[in-house]
Structure formats: structure tokens, C-alpha cells
Amino acid sequence: MIDRELEILREYLKIKKKSITTNELFSIVGWSSKKKKKNISIINKWIENGEIIRLKSGKYNIPENGGYIKGTLDVVKNRFAFVDGEEFSVFIPKSKFNGAFSGDTVLVKITKENKKGKNKEGEVEKVLKRENDKIIGILQRKPNFGFVVPFQNFGKDIFIPKNKMKNAKDGELVLVKITFWGDNEKKPEGKIVEILGDPFDSEVMIEALLKREGIEEKFPLEVKQEINKLISINYEKDENRVDLRDYNIITIDGADAKDLDDAVYVEKKGENYRLIVSIADVSYYVKEGSALDEEAYKRGNSIYLVDRVIPMFPKEISNGLCSLNPYEDKFTFTCDMIIDKKGKVIDHKVYKSVIRSVERMTYSDVNEIYKGNKDLSSKYSNIKDMLFLMLELSKVLRQVKKSRGSIDFDLPEIKVVLDENKKVDYIKTRERGEAEKVIEDFMIAANETVAEKIFWLEIPSIYRTHDKPDEERLMKLNESLSKFGYNLHNLDELHPGKFQKIIDDSKEKGINMIIHKLILMSLKQARYTKENTGHFGLASTFYTHFTSPIRRYADLVVHRILNDTLSKYPSKKRIKYLEDTLDEVGKHISKTERTAMSIEEESIRIKVVEYMKDKIGNEYNAIITGMNKNGIFMETEEYIDCFYNVIQSKSYHEYNEESLTMIDTDNNITYKIGDKLRVVIIRVDMKELEIEVIPIEMLNENSES
1 MIDRELEILR EYLKIKKKSI TTNELFSIVG WSSKKKKKNI SIINKWIENG
51 EIIRLKSGKY NIPENGGYIK GTLDVVKNRF AFVDGEEFSV FIPKSKFNGA
101 FSGDTVLVKI TKENKKGKNK EGEVEKVLKR ENDKIIGILQ RKPNFGFVVP
151 FQNFGKDIFI PKNKMKNAKD GELVLVKITF WGDNEKKPEG KIVEILGDPF
201 DSEVMIEALL KREGIEEKFP LEVKQEINKL ISINYEKDEN RVDLRDYNII
251 TIDGADAKDL DDAVYVEKKG ENYRLIVSIA DVSYYVKEGS ALDEEAYKRG
301 NSIYLVDRVI PMFPKEISNG LCSLNPYEDK FTFTCDMIID KKGKVIDHKV
351 YKSVIRSVER MTYSDVNEIY KGNKDLSSKY SNIKDMLFLM LELSKVLRQV
401 KKSRGSIDFD LPEIKVVLDE NKKVDYIKTR ERGEAEKVIE DFMIAANETV
451 AEKIFWLEIP SIYRTHDKPD EERLMKLNES LSKFGYNLHN LDELHPGKFQ
501 KIIDDSKEKG INMIIHKLIL MSLKQARYTK ENTGHFGLAS TFYTHFTSPI
551 RRYADLVVHR ILNDTLSKYP SKKRIKYLED TLDEVGKHIS KTERTAMSIE
601 EESIRIKVVE YMKDKIGNEY NAIITGMNKN GIFMETEEYI DCFYNVIQSK
651 SYHEYNEESL TMIDTDNNIT YKIGDKLRVV IIRVDMKELE IEVIPIEMLN
701 ENSES
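Under my numbering, the first residue of the sequence shown carries the number 1, and numbering increases by one thereafter.
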């Protein structure tokens with residue numbers, strides 16, 4: 001009832017756009033003055049949660065009407081953040097986080113309004129809800145107390161009472177649980193829950209990262225017990241499956257992949273193509289509500305660290321029972337499509353099947369066959385013709401995506417290669433070859449087909465949605481793009497194809513790396529929702545995740561919903577259950593996905609920064625990717641982020657926010673986004689994960705100096 005009253009109040013204030021007194025508030029929500037004390041406590045709770053604000057006059061309003069916005073802090077590359085509201089988003093400089101972390105629910109005070117194409121800017125006024133209450137830091141131990149200096153951008157040291165230090169030594173890396181978040185007078189307070197060790201050892205740092213996010217690598221005992229039962233069952237027969245074992249179905253994956261969850265087959269049907277995408281039928285083995293299921297839901301997805309995988313399912317499932325290993329009978333869920341020569345899916349079936357993969361192909365081998373490698377072509381002569389038919393169909397599907405405006409960044413894969421001691425041996429980049437694109441195109445086709453099927457069946461489901469960037473983000477992007485002669489017109493009617501045209505043009509000009517980065521930072525994160533609102537980046541009207549149930553819980557949910565529809569329409573009870581639970585499921589797995597991405601990126605960064613420790617004095621070519629009043633952000637040709645700290649420079653620098661330039665007035669040098677420089681490494685900081693450089697030469701042909 002209270003939620004309904006809050007909804008009525010917020011809707012009233014949103015429409016009227018005026019502040020109200022306490023008596024007016026009572027009248028609007030239909031409260032009696034007899035329970036004033038109780039209702040005032042409800043109002044205070046609403047204020048505490050950022051649903052409404054109390055002004056200095058004592059009147060009430062919603063944050064949006066009073067110069068505030070409530071939302072989730074979305075930190076971009078640890079440089080700045082956006083907070084998205086219902087109608088607009090606000091840009092937050094890093095210096096204005098005020099102790100908030102990415103994922104925290106915050107109340108933001110708007111400090112700059114839209115003007116001259118600039119977006120709204122603000123600062124965190126209050127953290128309403130913490131995403132995480134654990135902090136990693138180094139203990140500074142005193143005789144009767146201690147302080148933990150956080151690794152994250154926390155802003156304040158954390159006071160640790162003597163009896164809460166758990167025998168940790170001075171200088172050790174520790175995991176702290178915050179017990180008091182601090183205020184204007186007192187520092188935050190906490191207790192050490194785990195002693196981790198050497199703060200600058202990369203293995204310790206990655207372990208600390210997992211501890212901070214509450215990620216467990218080991219599976220609970222009840223999960224192991226269920227696994228033992230599953231692998232002891234004979235699964236030879238299932239009468240209701242379509243038998244596809246006579247088809248030359250294959251898997252194509254990375255050479256080191258062990259969780260093979262998708263297999264493909266293509267044949268020509270007159271002028272049309274038949275594309276079979278068969279996906280591991282995890283739902284057959286993992287029953288809803290089982291210990292395996294609950295643990296998979298908790299994890300949400302597999303996490304791919306720089307040195308290992310933390311799987312969503314135990315290896316007995318992910319690498320064994322469900323993995324589509326070659327020459328073994330495997331149960332699958334199949335999306336069987338007929339595609340015409342223009343790339344349109346003109347017919348499809350979704351059914352349970354059994355397959356027997358005839359080959360376990362790698363991307364590298366398939367790419368070599370496409371390049372004409374005779375030895376590999378001879379070795380795989382049984383499927384060579386089909387591989388080229390796959391490439392033919394892939395190009396047809398790719399053209400369809402391009403014509404509708406799908407964004408294809410086509411970024412190289414950055415691979416950090418470790419030696420036997422888990423130290424970085426070297427960093428390499430690998431371009432996506434045709435084989436990778438073939439599988440990507442086929443998976444997208446299957447995901448779109450399944451999403452549309454579920455949508456028209458009018459059954460509650462999980463969709464993979466990607467919202468159009470809001471005006472605030474687009475205006476900030478336009479500021480940066482304008483420096484390269486690009487402009488996004490008619491922001492209200494923006495189509496993803498406009499981004500693709502800029503990306504294609506930037507390749508010809510040799511500035512694609514910086515343009516990619518700018519556009520990526522402006523896009524919202526895709527998420528899982530109960531409502532189908534389309535996928536902006538793919539320019540898809542219908543999209544879901546169906547193709548990776550071994551490593552994504554979302555796909556397992558979709559498989560179960562499809563399973564509900566195979567024999568008959570789901571019962572009213574089942575429909576109600578889905579209606580009641582899927583919204584929360586979508587929020588949870590969107591959150592676990594963001595956490596996984598953050599951990600994966602940070603684990604790579606930890607190893608890369610450690611790798612650069614003995615590279616001080618080395619020179620690199622770099623490109624400017626961003627700047628603020630404190631310095632210039634760059635990326636080397638090896639895709640390593642670095643920073644030029646102008647505050648520490650011997651020269652005086654002036655930052656011009658309007659033109660997004662930094663001027664070294666002593667040497668008459670103007671730096672701007674996209675400039676190419678020769679830089680030298682001068683400092684590597686494992687605590688802040690920073691690589692500091694100074695420019696020694698401008699490499700631009702038309703540099704201003």
C-alpha cells in the first residue's frame with residue numbers, strides 16, 4: 001500500500017512541478033492526521049531513499065523538480081560517470097563522486113544545466129544504497145588503532161579499532177567490511193575480515209578483487225552432491241528429440257575453450273539457406289530450484305579472468321556433461337531457420353534435439369582454410385564446402401545488419417599472455433577473422449529468431465535490451481566528435497546507422513581507435529529486461545540471449561520458457577510465476593554481468609600494470625583519448641592506458657573545457673583529443689593501477705606547436 005501511495009505522490013509532483021507542504025502531502029496520498037507520527041516516519045524513509053526531497057522551506061518535491069536526480073552511478077573507465085534518471089542523465093566528474101562507487105544508488109545535485117550543447121553536470125550529494133560494503137586497502141597500523149588506505153577511489157581512509165584488526169601487520173593488504181560510512185565529522189569505520197598479503201603482488205590483488213565482490217570460486221557441497229547424481233545417470237534415450245546425428249554439425253570456438261555450448265550446420269535449399277544452430281540443453285539437466293540452479297542464479301554468468309575462468313557451473317557440467325564435445329551424442333535445443341538470399345528468416349522451428357558434432361574446429365584453423373591453407377583444407381575435406389557456404393551466408397546476414405544500421409566496432413581482441421609463473425609474457429592483439437564473424441552472425445540470427453517467437457507467443461520472458469543513448473550523453477559525444485569534423489544531427493531521431501557511418505569513415509582517416517572509444521563511452525550498457533524494447537546497437541526489434549546457457553543464466557531462463565511452449569501453452573500459474581519473478585531476475589543478472597565485466601577488466605589491468613613496472617624509461621607511440629584539468633589520458637599502440645599528469649609537470653598547462661584542449665604555455669604546445677604522441681614511461685603505481693607518462697614528441701602532421 002505504501003508503494004502505491006509513493007507512486008501517487010511522485011506522479012502528482014511530476015505533473016504539477018510544484019513543491020507541497022506536509023498537509024498537502026497528507027491530502028494527496030489520502031492520509032489521516034490521526035496517524036501523523038507514523039506517517040512522518042514513512043515520509044522520512046522516502047527522503048532517506050531519495051524518492052522525494054525536503055527543501056529548506058520545509059516543503060517536499062521529487063528530486064528532478066528540485067535540481068536533483070536519483071539513479072545508479074555508472075562509472076566509465078574510472079574517469080567519470082553518468083547517473084541516468086527517468087528523463088535525462090547527468091555527467092559526474094571523478095572529483096565529484098564523493099565516496100560513491102560504480103553501482104551505488106545516489107542522489108545527485110545538478111551543478112550545471114544544459115547550455116551551448118553542453119550536458120547537465122552534477123556531484124554526488126548522498127549515497128542512498130551501497131552496491132558493496134567491502135573495501136580493499138593497505139593497513140597503516142598504530143599502537144592502539146589503525147587506518148586502511150583504500151585502493152579504490154574512496155576519498156577517505158577507514159578507521160579500524162584495535163580489536164577489529166585481526167592481527168594484520170602494518171603494510172598488509174586487507175579486506176575491510178564497512179561498519180560506519182562516516183559523516184562530516186567522523187571518518188568511515190570498519191573491521192578487517194581477511195588478511196590478503198603483499199599489496200603489490202598481482203595474484204594477491206586479483207584474489208582481493210574477488211573477495212571484495214563476494215565471488216566464490218568453490219561450489220557448495222550440495223551442488224557437488226547433485227553433480228555426482230547427474231553424471232551417474234544414463235542419458236542415452238530421449239524419445240521426444242529430433243535426431244540430427246546424421247548431419248555434419250560442427251563447433252567453432254577458440255583453441256583454449258572447453259565449454260562448447262553452440263554447434264552449427266548450413267546447407268542450401270534451392271535459392272535459400274538452411275541454418276541450424278544447436279545449443280547445449282542445460283535445462284534438461286539443471287532443474288529449476290535445484291542447488292545447481294540456485295548457485296548458477298547467484299553467479300549469473302561465468303567470469304573470465306586474465307588467468308582462469310570462474311564458471312557458472314562446475315566443470316563436470318560446463319566442460320563435460322553439457323559441452324558439445326566432438327564424436328559424442330549430446331542433447332541440444334535447436335533453432336532451425338530457412339533464410340532467403342536477401343538474408344530474411346522466412347521460416348523457422350525451435351525444438352529439442354540430439355546431435356553428434358563431427359569436428360571440433362578452432363577459429364584459427366577455419367580462418368586459415370578461408371585463406372586457402374591446403375593442408376587444413378585437405379584435413380577437413382569432409383566439411384570444407386560447408387565452411388565456405390557458412391561464410392557465404394554470414395556475409396548475406398552481415399549485409400542485412402549493415403543495411404538496417406547495426407553498429408559493428410570490429411575492434412581487435414586484446415590478449416594478455418601469461419608465463420608459467422602467471423606473470424605477463426607479452427600482450428598481443430588479434431583481429432576478428434571471418435570465422436569469428438560467421439559464428440557471431442549465426443548466433444545473432446538465432447537470438448533474434450527466438451526473441452521474436454517468444455514475443456508473439458505473448459509469454460513473459462527475458463529480453464536482451466539496449467536503450468538509445470539519452471540526449472545528455474549524446475551532447476557530450478558530439479562535443480568530442482566535432483573536433484574530428486563529425487556531428488550527430490537530429491538527436492531525437494538518432495539511428496545507430498549514423499554511428500556506423502562515422503566509424504567507417506574514421507577507419508579511412510586512421511582515427512578509428514579514438515572514435516570507437518568515444519562512441520563506446522557514450523552508449524548505455526545492454527541489460528536484461530522483462531519488456532522487449534529492442535536493441536539499439538544491433539538495430540534489432542527483437543533480441544534475447546539463447547545461445548550460451550553454460551555461461552549465462554539468462555539463456556537458461558529463455559530455454560526453460562521455450563520448453564514451456566513445446567507441448568502446450570503454459571498454465572496460468574506458470575504465467576503468473578514468470579510475471580512475478582522475471583523483473584527481479586533481469587535486474588539480478590544485469591548486475592552480475594556488470595560485476596563480471598568490471599572484475600575481468602580490472603584483473604587485466606592489474607597484470608598489465610605489473611608488466612609495465614620494469615618498463616620505466618621505455619618509449620611508446622600513444623593517442624590522446626581524453627583530458628581534464630589534472631591531465632591527459634592516452635592509449636598506446638599496444639592498447640595500454642596511461643596518463644600525463646600536468647599538475648606534476650615542470651611546465652604550466654591550461655585546460656580549455658570548451659575546446660577540449662590542453663595548452664602547454666611554456667612550450668607553446670596544444671594537445672587535443674586524437675593527437676598522436678611519442679611518450680616515455682616515468683612512473684608505474686600498482687596501488688592506483690596508473691601508468692604515468694610524459695610526452696616527448698608530437699607525431700601529428702598538423703600539430704599546433
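From the three backbone atoms N, C-alpha and C, an ideal C-beta is built for every residue, glycine too.
Beta-carbon to beta-carbon, Val264 and Val282 are separated by about 18 Å, too far to satisfy the 8 Å threshold. Listed in chain order, the non-local C-beta contacts of Leu457 below 7 Å within the same chain comprise Thr565, local neighbours out to five positions each way being set aside.
Check the Cα spacing between Glu11 and each of Ile28, Lys186, Thr21 and Asn23: the tightest is with Ile28. The alpha-carbon separation between Ile599 and Leu230 amounts to approximately 31 Å. Fully enclosed beta strand (DSSP E) runs of no fewer than 3 residues occupy 329-339, 345-356 and 359-362 of the segment 310-362, in order along the chain. Annotated as distal: Pro188 and Ile160, with beta-carbon spacing of 8 Å or more. Here the segment 497-515 does not lie against the segment 545-559, with fewer than 3 beta-carbon pairs under 8 Å apart. Rounded to the nearest angstrom, the gap between the Cα atoms of Arg473 and Pro63 is 20 Å.
Asp3 and Asp104 have their alpha carbons spaced roughly 22 Å apart. A Cβ-Cβ contact shorter than 8 Å links Ile623 with Glu635.
Here Ala596 has Asn301 and Ile303 as same chain residues with Cβ atoms under 6 Å from its own Cβ, once five neighbours each way along the sequence are excluded. The count of Cβ pairs closer than 8 Å, one atom from the segment 124-131 and one from the segment 45-60, reaches three, so the stretches are in contact. Out of Lys498, Ile369, Lys379 and Tyr247, the CA that lies nearest to the CA of Ser357 is found in Tyr247.
Runs of the beta strand (DSSP E) spanning 3 or more residues and lying entirely within the segment 599-667 occur at 619-628, 631-636, 641-645, 653-656 and 661-664, in chain order.
Restricting attention to Lys629, Lys177 and Val90, the CA atom closest to the CA of Asn132 is found in Lys177.
Between Gln399 and Gly343, the C-beta spacing is below 8 Å. For Gln525, there is no enclosing alpha helix (DSSP H), since its DSSP letter is neither H nor E.
For Lys37, the three-state secondary structure derived from DSSP is helix.
By the Cβ rule, the segment 55-75 counts as touching the segment 97-113, because three or more pairs are nearer than 8 Å.
According to the DSSP assignment, Lys211 belongs to the alpha helix (DSSP H) that extends over Ser202 to Arg212.
Relative to the Cα of Trp181, the nearest Cα in the group Val424, Lys156 and Lys573 belongs to Lys156. In this chain, Ala263 is not harboured by any alpha helix (DSSP H); it is covered by the beta strand (DSSP E) spanning Asp262 to Lys269. If the five residues before and after Gly190 are omitted, its C-beta is found closer than 8 Å to the C-beta atoms of Ile135, Val148, Ile158, Phe159, Ile160, Lys164, Val176, Lys177, Ile178, Thr179 and Phe180, all from its own chain and listed in chain order. Taking 8 Å as the cut-off, the Cβ atoms of Leu376 and Ile383 do not count as close.
Remark: C-beta atoms of Ala445 and Val345 approach each other more closely than 8 Å. Classified as exposed, Lys428 has fewer than 16 neighbouring CB atoms from the shown chains inside 10 Å of its CB. Shown here for Lys112: same chain residues with a beta carbon closer than 8 Å to its own, the five before and five after excluded, namely Lys118, Lys120, Glu121 and Gly122 in chain order. Contact between the segment 642-653 and the segment 685-692 is present: three or more C-beta pairs spanning the two stretches fall below 8 Å. Per DSSP, Val29 is one residue of the alpha helix (DSSP H) stretching across Thr22 to Val29.
In the structure shown, Gly190 falls within a strand segment according to DSSP collapsed to helix, strand and coil. For the pair of segments examined, the segment 517-532 was found not to touch the segment 431-445: the number of CB pairs separated by less than 8 Å stays below three. The Cβ neighbour count for Gln500, taken over all protein chains shown within 10 Å, is at least 16; the residue is labelled buried. Of all C-beta pairs linking the segment 534-547 to the segment 463-471, three or more are shorter than 8 Å, placing the two stretches in contact. Taking one beta carbon from each stretch, the segment 566-579 and the segment 605-616 have fewer than 3 pairs nearer than 8 Å; the two do not touch. For Ile454, the uninterrupted alpha helix (DSSP H) segment begins and ends at Glu434 to Leu457. Excluding residues up to 5 positions away in sequence, His495, Pro496, Gly497, Gln500 and Ala539 lie with their Cβ nearer than 7 Å to the Cβ of Gly405 in the same chain.
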